[in-house]
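Just below is one structure, and these are the notes that go with it.
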Amino acid sequence: MTKIASLRRGELEPSRIVRHMREVEADFADAIQAQLRRRNCDIAGALDARLHIAVTARCVAAAVFGAMEAWMLGSDRSLGELARVCHVALESLRVGISDTWTTLTVSS
Numbered sequence: 003m004t005k006i007a008s009l010r011r012g013e014l015e016p017s018r019i020v021r022h023m024r025e026v027e028a029d030f031a032d033a034i035q036a037q038l039r040r041r042n043c044d045i046a047g048a049l050d051a052r053l054h055i056a057v058t059a060r061c062v063a064a065a066v067f068g069a070m071e072a073w074m075l076g077s078d079r080s081l082g083e084l085a086r087v088c089h090v091a092l093e094s095l096r097v098g099i100s101d102t103w104t105t106l107t108v109s110s
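Counting in the numbering used here, the sequence shown runs from 3 upward without gaps.
What follows is the structure, encoded as structure tokens:
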């Protein structure tokens, strides 16, 4: 993440920064997936379990990187704020996305 912040401060093209962030996010998802497989080695061989682990890992990585992106674009760049938005993002996973489809409103 420190490399992403330094890329953002530099004069790099936004597309290059985005590409790097996606690569790091994918690596993070792979690491989460490996950890979940180790924790659930007794069921990790079943197709449904592998699917659940893959989806969970990718969702957690997306939540953390989505929070980091929102934090980088926001005005409060404190680590406390980063922790807060990561918590909000991860809590949204716990709650589920079904509420988002019905309760999220776009203000004009």
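Backbone N, C-alpha and C fix where the C-beta goes; we use that ideal spot for every residue, glycine too.
Check your understanding: How is the alpha helix (DSSP H) around A72 delimited, first residue to last?
Key -> Going by DSSP, A72 is part of the alpha helix (DSSP H) stretching over 49-75.
**Study point:** Segment contact, 8 angstroms Cβ cut-off, at least three pairs: the region 29-41 with the region 58-72
**Key:** Output reads yes: the region 58-72 touches the region 29-41.
Exercise for review: Go ahead and pull the three-state DSSP assignment for C88.
Suggested key: If DSSP states are grouped into helix, strand and coil, C88 belongs with the helices.
Check your understanding: Using the C-alpha atoms, what's the distance from G68 back to H89?
Key -> About 11 angstroms.
**Study point:** Expected contact under 8 angstroms - CB spacing of A85 and E27 to nearest Å
**Key:** Incorrect: roughly 18 angstroms between the Cβ atoms, too far for contact.
Practice item. Please determine, among E71, D44, V66, P16, the residue with the shortest C-alpha to C-alpha distance to E93. Key: Just measuring C-alpha positions, the residue of E71, D44, V66, P16 sitting nearest E93 is V66.
Check your understanding: Ends of the alpha helix (DSSP H) at I34?
Key -> It spans 16-41 - the alpha helix (DSSP H) in which I34 sits, taken as one unbroken run.
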